[in-house]
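Data first, discussion second: the structure below is written as C-alpha cells.
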Amino acid sequence: MKVAKFGGSSLADAFQIKKVCDIVLSDADRRIVVVSAPGKRTKEDIKVTDLLIAVAKARLAGNSYEDEIQAVVNRFESITKDLNITDILPEIESTLRATATASYNDDVKYLDSVKAMGEDCNARLVARYLNSINVPAEYCNPKEKGLFLKHDANGKAVILNESYTNLAALATSDKLCIFPGFYGYSKEGEIITFSRGGSDITGSILAAAVKADVYENWTDVDNVFAVNPNIVKNPFPITEITYDEMRELAYAGFTVLHEEALYPVYVRGIPVHIKNTNNPSSSGTKIVAKRTHYDSLVTGIAGDRGFCTVTITKYLMNRQVGFLLNLFKIFTDEGISIEHMPSGIDSITFIIRKKNFTEEKEAAVLKRIYSELSVDSITVERDLAVVMIVGQAMANSVGIMARAASALGNAGINLKVVNQGASEISMMFGVSEAYCDYAVRVLYKELFRY
Ligand code: ASP
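Residue numbers (this note's numbering): 1 to 450.
Below you can see the structure in the form of C-alpha cells.
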C-alpha cells in the first residue's frame, strides 16, 4: 500500500487536480491520498491557506472579513467550475462560512480552525471529483477517523499515540481515502493545525498508521538536489538519501519536507519517495534507512543563517568535575536548546539559534554563569551561519575536511567554528552570515565539480 501526499502546487487548480487524480488512479496501491490546500498557480498568486489566515486576522482585528471569505470561495468556485462539479460548492461555502463566523474565546484556536479549511475543503472537492468520474472515493474527516493531537509545552502540535491505532483502520477501506493534511483534533473536539507545510506530517502519520510500503510525497520538483537551486544553478540531483542525511540537511535549511515529517516513518522504517506531479515518470528521490548506492561522495550541502555563539573559558575547565553539568543546567533552566558544542580543554562554545537567545535571555544566562561558575570569560557573537556538508559515504573516505577547509580558506572565508560529529555523517562550518551562500557555492564547486 502507498500513501500519497500532494502539496499545494500539485492541487492549485483544476488542471493540476486532474493530473493528481491520474497519478493516483495509475497505481492501484495508492489507497490513501493526503491533500494540501490549493497553493500558488503563479509566482504572484496567494495560497488558499494565506487567504484563510487573512480571513481570521480580519475577524480577530474586529474588521469586516467578507471580502476575504469571498476570495477563498472564488478560488474553490473556479476549481469546481473547471472540474464540472459545482454541486459541491454550497457544501464548501457553508463549511467555510460556518467556521469563519463561529463564536470563539481563544484567538489561537480560532485561527487554527480557519486555517485548516483549505485542506478540509480541498479534500471534499477532490473526493467529489473522483466520484464524478465514477471512482469510489471518500472524504475522510480527521475527527471521525481519529487523528487526535495536543499541544506540547512549547505550543507545538503533537500526535496522541492512540491516533495510530484509530487510523490503521483506513487500510481496510474499499474506497479511496481522501484525507485533508495539516490538521487534527484535540480530544475536546477542537481543530489543531501543525506548523506551515504540515500536510507532510499528516502523510507521514497515515503511512505509519497503515504500515504503508512507501510514503509518496508529490511536489513540483524532480528531485531533492544536493544544494539549494536558488544558490547554485542546475545542482546535482539526489536519487537516494538516508533519513539521517535528510535530517541533517533539513536542519541546515533544506525545505523539501517539513522538518517533523520524517519521524513517524523513520521509526517504522517506511521509505519516503519524493516525486514530481508535473513529471511523474522522473525517478524522484528516495529517503531510506539504508542506502543501496552512492551517486557522489558528498550527498548535500546546506547553509542556514540565524545562529550565535556563546564561548565560555575557564582555566582547568577539564579538571573540574560537574562543570559542564552545571553549565547545561543554566541553559536548561532558561529553556534554551543548544545546537552544537565544539570544545577545547579550557573552553566550550555553544551554538544556539538567535531566535532562542534574546538579549534578555543572554543577560540572564551570563549573570548566572559568572556568579555560579566563576568562569574567566564569556564571549557572545551574534553573526553566525551554519554550513553543513552531509554524506554517509564520507565516513569511509579521507581528506574531505582538508579539501573543504582549504577551499573555504582560499576563497577568503574565515572559519569561526568547525565541528564534525563522531558519526562522520556531517561536517559543520560556522561562518559569518554574509558568507553563507558564498560558502555553500565554494564547497559545492570543490566537492561536486571534481
Ligand atoms: N496549506 C498549509 C500551508 O500552506 C499546509 C501544507 O500545505 O502543508 O502551510
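Even glycine gets a Cβ: it sits at the ideal position worked out from N, Cα and C.
- For A208, the uninterrupted alpha helix (DSSP H) segment begins and ends at S199 to A209.
- For K2, the number of other beta carbons within 10 angstroms of its own is at least 16, and it is reported as buried.
- The segment 225-237 makes no contact with the segment 179-195; the number of CB pairs closer than 8 Å stays below 3.
- Its Cα nearest to that of S397, the residue V298 stands out among K5, I338, V298 and G430.
- In the displayed model, N276 falls within a strand according to three-state DSSP.
- Taking every protein chain shown into account, the CB of L325 has fewer than 16 other CB atoms within 10 angstroms, so this residue is exposed.
- If you look at R128, you'll find it in the alpha helix (DSSP H) that goes M117 to S132.
- The nearest non-hydrogen atom of the ligand ASP is 8 Å or more from the C-beta of E93.
- Note: Q420 is bridge-paired with M427 in the DSSP secondary-structure output.
- Here the alpha carbons of V380 and I345 stand approximately 19 Å from one another.
- Assignment of alpha helix (DSSP H) within the segment 143-188, counting only whole runs of 4 or more residues, yields 162-168 in chain order.
- With fewer than 16 other CB atoms across the displayed protein chains lying within 10 angstroms of its CB, L316 is exposed.
- For A169, the closest C-alpha among the options L384, A116 and C140 is that of C140.
- Taking the Cβ atoms as the reference, V224 lies roughly 4 Å from T285, within the contact range of under 8 Å.
- Rounded to whole angstroms, the gap between the alpha carbons of I92 and I79 is 12 Å.
- Look at T80: its beta carbon is at least 8 Å from all of the heavy atoms in the ligand ASP.
- Residues I69 of the same chain have their beta carbon placed closer than 7 Å to that of R97, with the five preceding and five following residues left out of the count.
- When the Cα atoms are used, R124 and G335 turn out to be separated by approximately 41 Å.
- Under the 8 Å Cβ criterion, the segment 34-46 counts as touching the segment 103-122, having at least three qualifying pairs.
- In this structure, the C-beta of F182 approaches the ligand ASP to less than 8 Å from one of its heavy atoms.
- The alpha carbon of S296 has as its nearest neighbour, out of A395, D376, V20 and A385, the alpha carbon of A395.
- Closest option to L415, judged by alpha-carbon separation, among I88, V387 and G391: V387.
- In this structure, the C-beta of D200 approaches the ligand ASP to less than 8 Å from one of its heavy atoms.
- Spatial neighbours of H258 in its own chain (CB-CB distance under 7 Å, excluding positions within 5 residues in sequence) are listed in chain order as G197, G198, D200 and I201.
- Close CB contacts of Y110 within its chain, under the 8 Å cut and outside five residues either way in sequence, are with A56, R59, L60, A102 and Y104 (chain order).
- The closest heavy atom of the ligand ASP lies 8 Å or more from the beta carbon of V256.
- A residue is called buried once 16 or more other Cβ atoms fall within 10 Å of its Cβ, and A250 is buried on that count.
- Per DSSP, the continuous alpha helix (DSSP H) segment holding G409 begins and ends at I400 to N410.
- Where N217 is concerned, the enclosing beta strand (DSSP E) starts and stops at V214 to T219.
- Cβ contact annotation for P229 (same chain, cutoff 7 Å, sequence separation greater than five): P235, in chain order.
- Assignment of I23 by DSSP, reduced to helix, strand and coil, places it in the helix class.
- Between L384 and T277, the gap from beta carbon to beta carbon reaches 9 Å or more.
- Relative to L147, the option among P180, E138 and F350 whose CA is nearest is P180.
- Spatial neighbours of Y263 in its own chain (CB-CB distance under 8 Å, excluding positions within 5 residues in sequence) are listed in chain order as S204.
- In this structure, T49 has its beta carbon less than 8 Å from a heavy atom of the ligand ASP.
- Per the DSSP secondary-structure output, V256 pairs with nothing in a beta bridge.
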